[in-house]
Structures are given as C-alpha cells and as structure tokens.
Amino acid sequence: MVPNQSAILYQSADREITLIDIPTSIARAQGRADTLLSTPPLEEPIQTSEQHQPKPGKLAETTSPDAAQHETYTQLIQQALLDIQAHVPGPWCAPRQILPQPHRTGKNAAASDVEKELEHRFREWAAAEESAHDDASFDFQKAMAALGAPEVQLATSTTEASKWTMTRTTPQDADMTRTTTGTATTTGTATTTTTTTTTATTTAWSPAFYNASPQPLDLTVAHATPGPPAYRFTIPPLSGYVLGDCAHPGSFRASLRRLAASHSVPLHFDLVLLDPPWPNRSAKRKGAYEQVGGIPHLRRLLLRMDMETYLAPHALVGVWITNKPAARALVLGPGGLFERCNVALREEWVWIKTTTHGAPVRALDDPARRPYEVLLLGRAGPNAWTPPRRQSPRRRVVAGVPDVHSRKPCLKELFESEGLLPAGYSALEVFARYCVEGWVAWGNEAIKYNAHVYWADR
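Position one of the sequence shown corresponds to residue 1 (full-length UniProt numbering), numbered consecutively onward.
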C-alpha cells in the first residue's frame, strides 16, 4: 500500500526551497506505510573540536572558483533557511522511531553486529554473479590455475553463495483470494469476512531479481543448512536489484540483460542516479566500497561503468558530490562523467543538513566539513552524437535533518512532482542502498534498507 503521507514538510511557491523528512522520503519511495528506523534528530549544531590545517598550497583557495561556488551556495542556503523558518514554526522533521544502537567503546568503534553481518552476507551473495560474469577476471583465474598457480582459487565464493535459497512471498490477486461468508443475524442481515492468502516460492539464491508484481514482495534468504540466521527483505512493487560491486560492470550488464529477457525491465533509463563513494575523512562506507586510490581510482571506476550505454534519449542524470573541487571536476570537468555521457548540467540541488530547529548542523564556513552536499542534475542529448542544449543551471535548496550516517533523502517524490521525468519513466540507481518502487537498484548494498531489521515491527 502506498502511504498518503508526503515527505515534503514545506515547499516555497516557486518550488526552489523544500523541507523534506528523510526517513519518510525513503519509506514513501518504497511504497511502504510502516516506519523506517532512524537516529535521534540533532537538536543543536555540532561543535567542531578538531583543528583543520590546510595542506601546503591550499592557503590561496579563498579566491578560487571553489570559494566563489561556496559563497553562492551559502547565500542560497541562508535565504532558504529564513524562508522555511518563516513558514515552519515547529520541528523540522517528523517524529522518529530510533534504530537500536550497539554499545560503543571508543571513537572508532565498529558498526553494529547487524550491519557487519549484512555487509558480509551481501559480499557473499554477490560473489556468484561477479565470478560468473566478470569475464576478464574469470579467464585470468582459469589461466593461472591451468599453470598450476596454487594461490589461485576458482570461484569458491560461488559455491558459498549457492548454499543460500530465497523464498518469495506475495499476496495473490485480490479477486482470486477473496472469500465471502454470509452469517445469519438477529436483524436478518449478513456479515462478510474477507480472507487474503499468500503464495510462497523457494528457489536458489540469485543476486539479480525483479518483482514483477504490483504488490510488495517479502523475500527471505536462508542457508540450506541450519546455522546462519535467515534474512528478510521487502522488495517494492515493480522494482528490481542487482546485488554486486559497481567495479564489475560486465556482471551488471549481463544481469540486466537477463532480467530484461524475462521481465519488463528496460536496458535504457529515463533517470540514472548515482551516489558515488567519494573519499572522505571518516570513510564510513569503506566496508561497502573500498576507498583505495582516492579520486583517481574513483574516476577510473566511474568511467569504466559505461553509464552512457544505459541512458535513454534526453535522460535525466543525477550525481551526488561532496564539496571537494576534485569531485565536481570529475563530473563536470573536461573528460568527466557528464562529457563522457553527452550530458549538460541543468540544475544543482543543495542539500543543507539542519537541526530540528533549522540551524545548519555545522557552521557554513566550517573549514573541515561543510554541512551541505550537492546533487548535480544533467540532461542527456537525444543521441550519442547530438550535444544537449547548454544553459545556466537552476539552483534549488533541499533542507533536511540528517538521518543514519550517509543516508541521503530519497528525491523520487520531488523528481516526479517537478515534471522532470516522463510518464511511466524508468530509473536506475547506482551505488544504491535500497530498492525504490518502480526502479532498478545496483550496488553492493542494493537491498540494505529493504531489510526488516531497519523497520519498526509491524
């Protein structure tokens, strides 16, 4: 059932300023009426304790293009916050149900056991797909094994993944499952009882899956032998996922073709949204995406993915970036992702992280970590050889109280309400962390926040 509650708590008349509730945006995007567990909302700004020392050669950046960009964003943010404060007298987020936090013994304590366990399982489950379709790696392994190299193991992870099964449980069509029983009463009327049954199908585990039903589907992944616990996920209607490392584009391509052959899954998308694992000081997503080699490594990764081959004519392409000039240059600079994909910048959406009272979570000029991130939105050309029309980008501000670390607001509701996408559009999310209704998700954690452990008990 699609919830009626909007994630948009406030929006200006020109639709350039929006206050969004992050957990609600994710729940709504999955078509769910239940509650996504979250972290306590910040009530006061974070006071920076560390002393930031600029690197040699960085002292002149106050006059750089980056500084000018930051000043532009700062003015937009300040105006937006004043506008929201004038219209929203109460808290800047909806009430939250809190995700249980493990006991932490130090500043660098590991993530919860549940997080670590899921991360381990995702890698294990994805291994079968990667080893089967990453031809270059697989052929190299076979060649080395033939030469007698003892350290080379042929797809042992595939064997491990094959020990898992997946049980899909869906409600049957209502017209087929409704049973009506008439009961005599003292008033001569009858009562009606409606019963809905479900069907369950168990198959071998597959890292690529599509829910072709207009109903959500409960997916239980269990080991063939007793011991490891079972894992439960809810996959939204008409959505699919490819659980795999984005460093293996051949594996994804093969999986997508297989899904397209058996379901109404497109090979080209009207929306492609990326949230790359940019190198950062805390590197909290290291477990999912190895942040080795910094920006040069990420550049090779993004360009090897051949994202241009998945774009429909005039596709909308969105890329989340950090505030590092190198991140912006990788997307917008010469030889960058947009140029490679024949995409022109159309809009910039600035997500400002605020407290419940509307203050930025950090000082806007915090030299160590700025309290905002930017979504670059571009429009692809009609084909690979016709350049898209260039224009000055429109800028918008999206305010929101931060949620679980690195969990951004889902902007599906905004994309659709702004008329940026055609009716019946198709969408692909890359480096995804959950399935969205009607979209395809690709990434190491593509069904993480579809797991039941992250949702309030029903």
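Note that beta-carbon positions come from the ideal geometry of N, C-alpha and C, so glycine has one too.
Since we're looking at a predicted model, the values are computed, not measured.
Distance from L238 to P276 at the Cβ level is roughly 26 Å; contact not present, criterion being Cβ atoms closer than 8 Å.
The beta carbon of A260 is closer than 6 Å to those of L267 in its chain, skipping five residues each way along the sequence. Sorting P360, E429 and T72 by C-alpha distance to the C-alpha of L81 places P360 at the top. Secondary structure of H268 (DSSP, three-state): coil. Secondary structure of M307 (DSSP, three-state): helix. By the Cβ criterion, the segment 72 to 92 is not in contact with the segment 402 to 416, since fewer than three pairs of Cβ atoms, one from each stretch, lie closer than 8 Å.
In this structure, the straight-line span from the alpha carbon of P228 to that of V440 is close to 28 Å. Selection L243, I235, P382 and V350 evaluated against T72 yields V350 as nearest (Cα-Cα). Taken through DSSP and simplified to helix, strand or coil, H263 comes out as coil. Across the structure, C341 and A384 are spaced so that their CA atoms are roughly 8 Å apart.
If you check the CB distance, C410 and S25 come in under 8 Å.
Under the three-state reduction of DSSP, L81 is assigned to helix. Scanning A208, R257, V221 and H314 for the CA closest to the CA of T167 turns up V221. About 29 Å separates the Cβ atoms of Q30 and N323, ruling out a contact at the 8 Å cut-off. Cβ-Cβ separation between V343 and V374: approximately 16 Å, too far for a contact (criterion under 8 Å). Within the segment 360 to 435, the complete beta strand (DSSP E) runs of at least 3 residues fall at 372 to 380, 394 to 400 and 427 to 430. Linking L36 to L99 through their CA atoms gives a straight-line distance of about 9 Å. If you compare the alpha carbons of R304, R396 and P23 with that of F252, the shortest gap goes to R304. Distance from P371 to L364 at the Cβ level is roughly 7 Å; contact confirmed, criterion being Cβ atoms closer than 8 Å. In this structure, the alpha-carbon of Q47 lies about 7 Å from that of R362. Separation of P325 and L76 (C-alpha to C-alpha, rounded to the nearest whole angstrom) is 19 Å.
Burial check for Q79: the Cβ neighbour count within 10 Å stays below 16, so the residue is exposed. Secondary structure of G358 (DSSP, three-state): coil. For the 8 Å CB-CB criterion, P171 and Q215 form a contact.
Put simply, the backbone Cα of L274 is about 26 Å away from that of T355. Residue pairing from DSSP leaves V453 without any beta-bridge partner.
A straight-line Cα-Cα distance of about 10 Å links H120 and E445. If you ignore the 5 residues before and after A7, its C-beta comes within less than 6 Å of the C-beta of I20, D21, T24, S25, R28 and E413, all in its own chain and listed in chain order. With respect to the C-alpha of H70, the residue from L421, W205, V430 and R369 having the closest C-alpha is R369. Following the DSSP letters along the chain, one finds L9 inside the beta strand (DSSP E) bounded by residues I8 to Q11. Membership of P23 in the alpha helix (DSSP H) is indicated by the continuous run I22 to A29.
For A327, the enclosing alpha helix (DSSP H) starts and ends at P325 to L332. Beta-bridge partners assigned by DSSP to V114: none are found.
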